[in-house]
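In what follows, a single structure is set out as structure tokens and then discussed.
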Amino acid sequence: MQEYQKLLEKLKENKKWPMLYMFKFIVPNEGGKVDQVKALLPKHGSLSFKHTKNLKFVSITCKASMKDAESIVKITAEASKIEGLISL
Numbered sequence: 133m134q135e136y137q138k139l140l141e142k143l144k145e146n147k148k149w150p151m152l153y154m155f156k157f158i159v160p161n162e163g164g165k166v167d168q169v170k171a172l173l174p175k176h177g178s179l180s181f182k183h184t185k186n187l188k189f190v191s192i193t194c195k196a197s198m199k200d201a202e203s204i205v206k207i208t209a210e211a212s213k214i215e216g217l218i219s220l
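Next up, the structure:
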């Protein structure tokens, strides 16, 4: 979680929680990776997907009300463990 310290500090600058947060990931469209990302995202969030022309990658966007900075960093850190994932 050390590499997410800057993100955590930035998020903690926000004094109003819960807040609407947008997760955005690009993931290879293979091996169930899209489903792995979906499983990590908040169930109450609104999801949208966009495929690249050649269908090799999927952009996943989730907008959700998050209760605190730590929960955002936890999801981002878990998602980063998925091979080939790019976090935006």
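Numbering (our numbering), first residue to last: 133 to 220. Positions of the beta carbon are idealized from the N, C-alpha and C atoms, including for glycine.
Original post:
For residue 195, which beta-bridge partners are listed by DSSP?
Top reply: To locate residue 195, count along the sequence shown from 1; it is residue 63. DSSP, once it has assigned bridges, lists 154 and 178 as partnering residue 195.
Original post:
Thinking C-beta only, is residue 157 closer than 7 Å to residue 211?
Top reply: Your numbering for residue 211 matches position 79 in the sequence shown. Your numbering for residue 157 matches position 25 in the sequence shown. Contact flag set, yes.
**OP:** Take residue 182 and list the residues in its own chain whose beta-carbon comes closer than 6 Å to its own, dropping the five residues that flank it on each side.
**Re:** Working through the sequence shown from its first residue, we reach residue 182 at position 50. Result list for residue 182: 191, in chain order.
Original post:
Cα separation between residue 215 and residue 155?
Top reply: For the purposes of this step, residue 215 is identified with residue 83 of the sequence shown, where counting begins at 1. For the purposes of this step, residue 155 is identified with residue 23 of the sequence shown, where counting begins at 1. Distance between the alpha carbons of residue 215 and residue 155: 17 Å.
**OP:** Take the Cβ of residue 152 as the centre, count every other Cβ of all protein chains shown within 10 Å, and call the residue buried at 16 or more, exposed below.
**Re:** Position 20 of the sequence shown, counting from 1, holds the residue named residue 152. With fewer than 16 other Cβ atoms within 10 Å, it is exposed.
**OP:** May I ask which residues mark the beginning and end of the alpha helix (DSSP H) holding residue 210?
**Re:** Translated into positions along the sequence shown, residue 210 becomes position 78. First-last of the alpha helix (DSSP H) with residue 210: 201 to 211.
Original post:
When burial is assigned at 16 or more other CB atoms within 10 Å of the CB, is residue 187 buried or exposed?
Top reply: Working through the sequence shown from its first residue, we reach residue 187 at position 55. Residue 187 is exposed by the Cβ-count criterion.
Original post:
For residue 218, which residues does DSSP report across the bridge?
Top reply: Position 86 of the sequence shown, counting from 1, holds the residue named residue 218. The partner list for residue 218 (beta bridge, DSSP) reads 158.
Original post:
In or out: residue 220 buried (at least 16 other Cβ within 10 Å) or exposed?
Top reply: Within the sequence shown, the letter at position 88 stands for residue 220. Exposed is the call here.
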